[in-house]
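Worksheet: one structure, shown below.
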Amino acid sequence: MKYPEHIPAVETCSGVAADEIAARVAGRTEPLLMKGAVADWPIVAAARAGALADYLAPFDQRRPIMVFHAAAETQGRIFYNDAMDGFNFQRNAGELLPTLRALETNSVGQECCYVGSTPVDHHLPGLRTHNDIPVGQHKPLVSLWFGNRTRVAAHFDLPENLACVVAGRRRFTLFAPEQAANLYPGPLDFNPAGQAISMVDFYAPDYERFPRYREALEAALVAEMEPGDVLYVPSMWWHQVEGLDGLNMLVNYWWRSTPAWTGLPQDALMHALLSIGGLPAAQRKAWGELFQHFVVNREDAVEQLPAHTHGLLGDLDRESSARLKKLLIEKLQRMP
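Here it is in C-alpha coordinates:
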(Lines of atoms letter the chains of each structure in order from A and count residues from 1; the text may use other names and numbers.)
(Lines give C-alpha, C1' and ligand atoms only; values in the text may rest on other atoms or scores of the structure.)
Protein backbone atom coordinates (compact mmCIF):
# COMPACT_ATOMS: atom_id res chain seq x y z
CA MET A 1 0.00 0.00 0.00
CA LYS A 2 1.50 3.31 -1.10
CA TYR A 3 0.65 6.50 0.73
CA PRO A 4 -0.43 9.43 -1.51
CA GLU A 5 2.50 11.76 -2.15
CA HIS A 6 0.63 15.05 -2.48
CA ILE A 7 -0.70 15.31 1.09
CA PRO A 8 1.03 18.19 2.92
CA ALA A 9 2.43 17.85 6.42
CA VAL A 10 0.74 19.43 9.41
CA GLU A 11 2.40 22.43 11.00
CA THR A 12 5.47 21.12 12.83
CA CYS A 13 7.74 22.52 15.52
CA SER A 14 10.52 21.27 17.78
CA GLY A 15 12.06 22.29 21.09
CA VAL A 16 8.76 22.19 23.00
CA ALA A 17 9.05 20.67 26.48
CA ALA A 18 6.25 18.57 27.99
CA ASP A 19 5.31 21.28 30.48
CA GLU A 20 5.02 23.82 27.65
CA ILE A 21 2.63 21.82 25.49
CA ALA A 22 -0.65 22.93 27.08
CA ALA A 23 0.19 26.61 26.60
CA ARG A 24 1.40 25.95 23.06
CA VAL A 25 -1.91 24.42 21.94
CA ALA A 26 -4.32 26.59 23.95
CA GLY A 27 -6.83 28.20 21.62
CA ARG A 28 -5.55 26.40 18.51
CA THR A 29 -8.05 25.21 15.92
CA GLU A 30 -5.59 23.33 13.69
CA PRO A 31 -3.30 20.36 14.38
CA LEU A 32 0.28 20.82 15.57
CA LEU A 33 3.06 18.21 15.54
CA MET A 34 5.66 18.75 18.28
CA LYS A 35 8.73 16.70 17.45
CA GLY A 36 10.50 15.08 20.41
CA ALA A 37 8.32 16.80 23.02
CA VAL A 38 8.23 13.70 25.27
CA ALA A 39 11.45 12.06 24.04
CA ASP A 40 12.82 12.22 27.58
CA TRP A 41 10.05 10.07 29.03
CA PRO A 42 11.43 6.86 30.60
CA ILE A 43 8.82 4.79 28.74
CA VAL A 44 10.19 6.09 25.42
CA ALA A 45 13.74 5.14 26.44
CA ALA A 46 12.56 1.68 27.50
CA ALA A 47 10.82 1.14 24.17
CA ARG A 48 13.92 2.19 22.26
CA ALA A 49 15.91 -0.37 24.26
CA GLY A 50 13.40 -3.14 23.47
CA ALA A 51 12.31 -3.31 27.12
CA LEU A 52 8.81 -1.81 26.96
CA ALA A 53 6.99 -4.72 28.62
CA ASP A 54 9.67 -4.98 31.32
CA TYR A 55 9.30 -1.28 32.07
CA LEU A 56 5.50 -1.51 32.37
CA ALA A 57 5.51 -4.73 34.43
CA PRO A 58 5.81 -3.08 37.90
CA PHE A 59 2.76 -0.90 37.18
CA ASP A 60 0.51 -3.58 35.67
CA GLN A 61 -2.58 -4.50 37.72
CA ARG A 62 -3.39 -7.50 35.48
CA ARG A 63 -6.86 -6.19 34.84
CA PRO A 64 -8.60 -7.50 31.70
CA ILE A 65 -8.34 -5.53 28.47
CA MET A 66 -10.11 -5.85 25.13
CA VAL A 67 -7.96 -7.03 22.21
CA PHE A 68 -9.02 -6.81 18.57
CA HIS A 69 -7.72 -9.63 16.35
CA ALA A 70 -8.11 -9.62 12.57
CA ALA A 71 -6.86 -11.94 9.85
CA ALA A 72 -3.84 -10.97 7.76
CA GLU A 73 -5.99 -10.40 4.65
CA THR A 74 -7.58 -7.35 6.30
CA GLN A 75 -4.17 -5.65 5.92
CA GLY A 76 -4.68 -4.18 9.36
CA ARG A 77 -7.84 -2.28 8.48
CA ILE A 78 -10.23 -2.23 11.45
CA PHE A 79 -13.61 -2.15 9.70
CA TYR A 80 -16.93 -3.83 8.95
CA ASN A 81 -17.29 -7.22 7.31
CA ASP A 82 -18.42 -7.36 3.68
CA ALA A 83 -22.11 -7.71 4.57
CA MET A 84 -21.91 -4.87 7.13
CA ASP A 85 -23.76 -7.01 9.64
CA GLY A 86 -20.66 -7.32 11.80
CA PHE A 87 -16.98 -6.51 11.77
CA ASN A 88 -13.83 -7.91 10.17
CA PHE A 89 -12.19 -8.57 13.54
CA GLN A 90 -12.89 -10.43 16.76
CA ARG A 91 -12.93 -8.95 20.24
CA ASN A 92 -11.16 -11.09 22.80
CA ALA A 93 -10.47 -10.57 26.48
CA GLY A 94 -6.78 -10.47 27.31
CA GLU A 95 -4.16 -9.01 29.60
CA LEU A 96 -1.90 -6.09 28.88
CA LEU A 97 1.56 -7.58 29.45
CA PRO A 98 1.03 -10.94 27.68
CA THR A 99 -0.44 -9.10 24.68
CA LEU A 100 2.45 -6.65 24.63
CA ARG A 101 5.06 -9.42 24.93
CA ALA A 102 3.44 -11.29 22.05
CA LEU A 103 3.90 -8.18 19.92
CA GLU A 104 7.49 -7.71 21.11
CA THR A 105 8.37 -11.24 20.03
CA ASN A 106 6.17 -11.11 16.90
CA SER A 107 4.44 -14.30 17.98
CA VAL A 108 1.19 -12.98 16.48
CA GLY A 109 2.70 -13.34 13.00
CA GLN A 110 0.84 -11.54 10.22
CA GLU A 111 -2.37 -11.33 12.22
CA CYS A 112 -3.63 -7.86 13.07
CA CYS A 113 -3.55 -7.15 16.81
CA TYR A 114 -4.95 -3.91 18.22
CA VAL A 115 -5.68 -2.64 21.71
CA GLY A 116 -7.72 0.56 21.86
CA SER A 117 -8.44 3.10 24.57
CA THR A 118 -7.10 1.55 27.80
CA PRO A 119 -7.18 3.92 30.81
CA VAL A 120 -3.64 4.32 32.15
CA ASP A 121 -4.55 5.19 35.74
CA HIS A 122 -6.74 2.09 36.02
CA HIS A 123 -4.40 -0.43 34.41
CA LEU A 124 -0.98 1.11 35.11
CA PRO A 125 -1.29 3.33 38.20
CA GLY A 126 1.90 5.25 38.87
CA LEU A 127 3.08 5.24 35.26
CA ARG A 128 2.33 8.93 34.89
CA THR A 129 4.61 9.90 37.78
CA HIS A 130 7.53 10.19 35.36
CA ASN A 131 5.63 10.05 32.04
CA ASP A 132 3.10 12.86 31.97
CA ILE A 133 1.98 16.10 30.35
CA PRO A 134 0.45 18.72 32.66
CA VAL A 135 -2.66 20.17 31.04
CA GLY A 136 -3.50 22.92 33.50
CA GLN A 137 -6.85 22.85 35.25
CA HIS A 138 -8.19 20.11 33.00
CA LYS A 139 -8.57 16.56 34.27
CA PRO A 140 -7.70 14.53 31.18
CA LEU A 141 -8.57 10.96 30.40
CA VAL A 142 -5.17 9.38 29.72
CA SER A 143 -5.26 6.19 27.68
CA LEU A 144 -2.93 3.63 26.14
CA TRP A 145 -3.23 2.37 22.55
CA PHE A 146 -0.97 -0.28 21.07
CA GLY A 147 -0.73 -2.97 18.42
CA ASN A 148 1.09 -3.91 15.26
CA ARG A 149 0.48 -2.68 11.71
CA THR A 150 -3.11 -1.50 11.98
CA ARG A 151 -5.30 1.12 10.36
CA VAL A 152 -8.21 2.81 12.12
CA ALA A 153 -10.57 4.58 9.71
CA ALA A 154 -11.04 8.34 9.87
CA HIS A 155 -13.26 9.37 12.77
CA PHE A 156 -13.70 12.37 15.06
CA ASP A 157 -13.64 12.87 18.83
CA LEU A 158 -15.32 15.56 20.88
CA PRO A 159 -12.43 16.10 23.32
CA GLU A 160 -9.23 17.87 22.46
CA ASN A 161 -6.45 15.35 22.01
CA LEU A 162 -2.72 15.06 22.59
CA ALA A 163 -1.36 11.89 20.96
CA CYS A 164 2.09 10.89 22.23
CA VAL A 165 3.99 8.14 20.41
CA VAL A 166 6.13 6.15 22.86
CA ALA A 167 7.05 3.16 20.66
CA GLY A 168 7.17 2.51 16.92
CA ARG A 169 5.88 4.84 14.25
CA ARG A 170 2.40 6.21 13.69
CA ARG A 171 0.81 8.14 10.88
CA PHE A 172 -2.17 10.44 11.32
CA THR A 173 -4.11 11.63 8.27
CA LEU A 174 -6.24 14.57 9.31
CA PHE A 175 -9.32 16.27 7.87
CA ALA A 176 -10.95 19.48 9.09
CA PRO A 177 -14.52 19.23 10.45
CA GLU A 178 -16.00 20.79 7.30
CA GLN A 179 -14.89 17.70 5.36
CA ALA A 180 -17.32 15.45 7.25
CA ALA A 181 -19.78 14.95 4.37
CA ASN A 182 -16.91 14.29 1.94
CA LEU A 183 -15.67 11.45 4.17
CA TYR A 184 -19.01 9.58 3.98
CA PRO A 185 -19.48 8.73 7.67
CA GLY A 186 -21.03 5.36 8.47
CA PRO A 187 -23.69 4.48 11.06
CA LEU A 188 -23.82 6.47 14.29
CA ASP A 189 -25.00 3.55 16.41
CA PHE A 190 -23.18 0.60 14.82
CA ASN A 191 -19.44 1.00 14.43
CA PRO A 192 -16.20 -0.65 15.58
CA ALA A 193 -15.41 1.49 18.62
CA GLY A 194 -18.23 3.93 19.41
CA GLN A 195 -17.66 6.67 16.84
CA ALA A 196 -18.90 6.89 13.27
CA ILE A 197 -16.08 6.14 10.83
CA SER A 198 -15.43 7.05 7.22
CA MET A 199 -16.68 4.35 4.87
CA VAL A 200 -13.92 5.09 2.36
CA ASP A 201 -10.93 2.76 2.10
CA PHE A 202 -8.09 5.28 2.15
CA TYR A 203 -5.73 3.03 0.15
CA ALA A 204 -8.35 1.88 -2.36
CA PRO A 205 -10.99 4.63 -2.62
CA ASP A 206 -14.03 3.80 -4.74
CA TYR A 207 -14.61 7.16 -6.40
CA GLU A 208 -17.76 5.98 -8.17
CA ARG A 209 -19.37 5.24 -4.82
CA PHE A 210 -17.67 8.09 -2.92
CA PRO A 211 -17.02 10.86 -5.49
CA ARG A 212 -16.76 13.69 -2.96
CA TYR A 213 -13.86 11.94 -1.24
CA ARG A 214 -11.55 13.57 -3.78
CA GLU A 215 -12.34 16.91 -2.14
CA ALA A 216 -11.53 15.54 1.31
CA LEU A 217 -8.24 14.14 0.07
CA GLU A 218 -7.28 17.48 -1.46
CA ALA A 219 -7.76 19.09 1.96
CA ALA A 220 -6.00 16.37 3.99
CA LEU A 221 -2.94 16.84 6.20
CA VAL A 222 -0.49 14.20 7.40
CA ALA A 223 1.58 13.78 10.56
CA GLU A 224 4.38 11.21 10.39
CA MET A 225 5.27 10.41 13.99
CA GLU A 226 8.23 8.78 15.72
CA PRO A 227 8.81 7.89 19.39
CA GLY A 228 8.78 11.03 21.52
CA ASP A 229 6.57 13.04 19.14
CA VAL A 230 3.31 14.65 20.27
CA LEU A 231 0.43 15.58 17.95
CA TYR A 232 -2.30 17.98 18.97
CA VAL A 233 -5.63 17.04 17.34
CA PRO A 234 -8.29 19.73 17.86
CA SER A 235 -11.81 18.78 18.84
CA MET A 236 -13.91 17.39 15.97
CA TRP A 237 -11.04 16.98 13.50
CA TRP A 238 -11.32 13.71 11.60
CA HIS A 239 -8.24 11.52 11.79
CA GLN A 240 -7.18 8.18 10.37
CA VAL A 241 -4.53 6.48 12.51
CA GLU A 242 -2.02 3.92 11.24
CA GLY A 243 0.49 1.82 13.13
CA LEU A 244 3.50 1.44 10.85
CA ASP A 245 5.64 -1.05 12.80
CA GLY A 246 5.31 -4.52 14.30
CA LEU A 247 4.98 -2.88 17.71
CA ASN A 248 3.76 0.63 18.26
CA MET A 249 2.30 2.32 21.32
CA LEU A 250 0.64 5.64 21.88
CA VAL A 251 -0.47 7.47 25.04
CA ASN A 252 -3.18 10.06 24.53
CA TYR A 253 -4.76 12.81 26.59
CA TRP A 254 -8.40 13.72 26.08
CA TRP A 255 -9.99 16.72 27.75
CA ARG A 256 -12.94 19.03 27.22
CA SER A 257 -12.65 22.80 27.25
CA THR A 258 -16.24 23.11 28.52
CA PRO A 259 -17.72 21.86 31.81
CA ALA A 260 -19.03 18.29 31.87
CA TRP A 261 -22.41 19.49 33.11
CA THR A 262 -23.12 21.09 29.73
CA GLY A 263 -23.80 17.60 28.37
CA LEU A 264 -22.66 15.83 25.22
CA PRO A 265 -23.32 17.26 21.75
CA GLN A 266 -23.80 13.69 20.48
CA ASP A 267 -26.92 13.45 22.64
CA ALA A 268 -28.30 16.61 21.04
CA LEU A 269 -27.63 15.09 17.62
CA MET A 270 -29.54 11.92 18.55
CA HIS A 271 -32.46 13.97 19.88
CA ALA A 272 -32.47 15.98 16.64
CA LEU A 273 -32.62 12.74 14.65
CA LEU A 274 -35.58 11.66 16.76
CA SER A 275 -37.55 14.90 16.57
CA ILE A 276 -36.42 16.44 13.27
CA GLY A 277 -35.02 13.60 11.16
CA GLY A 278 -38.48 12.35 10.14
CA LEU A 279 -39.90 15.73 9.15
CA PRO A 280 -40.51 16.67 5.50
CA ALA A 281 -37.46 18.07 3.74
CA ALA A 282 -38.72 21.66 3.79
CA GLN A 283 -39.27 21.52 7.55
CA ARG A 284 -35.84 19.94 8.14
CA LYS A 285 -34.31 22.78 6.15
CA ALA A 286 -36.24 25.33 8.22
CA TRP A 287 -35.02 23.79 11.47
CA GLY A 288 -31.51 23.75 10.05
CA GLU A 289 -31.77 27.53 9.62
CA LEU A 290 -32.89 27.90 13.24
CA PHE A 291 -30.02 25.73 14.51
CA GLN A 292 -27.63 27.82 12.44
CA HIS A 293 -29.02 31.04 13.91
CA PHE A 294 -29.54 30.09 17.57
CA VAL A 295 -26.72 27.57 18.09
CA VAL A 296 -23.96 27.88 15.50
CA ASN A 297 -24.13 31.67 15.28
CA ARG A 298 -25.35 32.19 18.85
CA GLU A 299 -23.49 35.50 19.28
CA ASP A 300 -25.48 36.99 16.40
CA ALA A 301 -28.74 35.67 17.86
CA VAL A 302 -28.51 37.96 20.91
CA GLU A 303 -26.77 40.91 19.29
CA GLN A 304 -29.87 43.13 19.29
CA LEU A 305 -31.39 41.82 22.54
CA PRO A 306 -31.03 43.39 26.01
CA ALA A 307 -28.88 41.21 28.27
CA HIS A 308 -31.71 40.56 30.74
CA THR A 309 -33.77 38.88 27.97
CA HIS A 310 -31.15 36.39 26.79
CA GLY A 311 -32.44 33.47 28.84
CA LEU A 312 -31.50 30.18 27.16
CA LEU A 313 -29.61 32.14 24.51
CA GLY A 314 -27.15 33.46 27.07
CA ASP A 315 -24.24 31.80 28.84
CA LEU A 316 -25.61 28.99 31.00
CA ASP A 317 -24.04 28.41 34.41
CA ARG A 318 -24.30 25.21 36.42
CA GLU A 319 -27.57 26.23 38.05
CA SER A 320 -29.33 27.31 34.86
CA SER A 321 -28.03 24.20 33.07
CA ALA A 322 -29.51 22.02 35.81
CA ARG A 323 -32.91 23.71 35.36
CA LEU A 324 -32.74 23.18 31.61
CA LYS A 325 -31.82 19.51 32.01
CA LYS A 326 -34.73 19.04 34.41
CA LEU A 327 -37.09 20.62 31.88
CA LEU A 328 -35.76 18.41 29.06
CA ILE A 329 -36.12 15.26 31.17
CA GLU A 330 -39.73 16.15 31.96
CA LYS A 331 -40.49 16.74 28.29
CA LEU A 332 -38.86 13.46 27.23
CA GLN A 333 -40.79 11.54 29.87
CA ARG A 334 -44.07 12.98 28.55
CA MET A 335 -43.38 11.79 25.01
CA PRO A 336 -45.80 9.09 23.79
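If you're matching positions, the sequence shown starts at 630 in the working numbering and goes up one per residue.
Glycine is no exception: its CB is placed at the ideal position from the N, C-alpha and C atoms.
Spatial neighbours of I650 in its own chain (CB-CB distance under 7 angstroms, excluding positions within 5 residues in sequence) are listed in chain order as M663, A666, I762, L791, V859. Here V771 is near D750, since their CB atoms are less than 8 angstroms apart. A contact is defined here as three or more CB-CB pairs under 8 angstroms, and the segment 832-851 meets this definition with respect to the segment 796-810. Judged by DSSP in its simplified three-state form, S827 adopts strand. The C-beta distance from I636 to V794 rounds to 19 angstroms, too long to meet the 8 angstroms contact threshold.
By the 16-neighbour rule on beta-carbons within 10 angstroms, L725 is buried. Put simply, of T891, K914, W890, A889 the residue whose alpha carbon is nearest the alpha carbon of A901 is K914. Note on the segment 810-863: whole alpha helix (DSSP H) runs with a minimum of 4 residues are 842-847, in chain order. With distances taken between CA atoms, V870 lies nearest to I707 out of I707, P769, D835.
If you look at F785, you'll find it isn't in any alpha helix (DSSP H); DSSP assigns it neither H nor E. DSSP, read as helix, strand or coil, puts P748 in strand. For K954, the enclosing alpha helix (DSSP H) begins and ends at 947-962.
C742 is positioned such that its CB atom lies closer than 8 angstroms to that of H698. Annotation for W890: no beta strand (DSSP E) segment contains it, and DSSP assigns it neither H nor E. The C-beta distance from W883 to L803 rounds to 16 angstroms, too long to meet the 8 angstroms contact threshold. The Cβ-Cβ distance between V696 and T734 does not fall below 8 angstroms. At a Cβ-Cβ threshold of 8 angstroms, M630 and Q690 do not count as neighbours.
Apart from sequence neighbours up to five positions away, the residues of its chain that approach L661 with a beta-carbon distance below 8 angstroms are V639, E640, T641, C642, R653, V654, L860, Y861, ordered along the chain.
Residue pairing of I672 in beta bridges, as defined by DSSP: absent, with no partner found. In summary, T747 is buried, with 16 or more beta-carbon neighbours lying within 10 Å of its beta-carbon over all protein chains present.
Contact annotation: N777 and L812 have beta-carbon atoms that are not nearer than 8 angstroms. The DSSP-derived three-state label of H635 is coil. The C-alpha of R720 is placed about 20 angstroms away from the C-alpha of L817.
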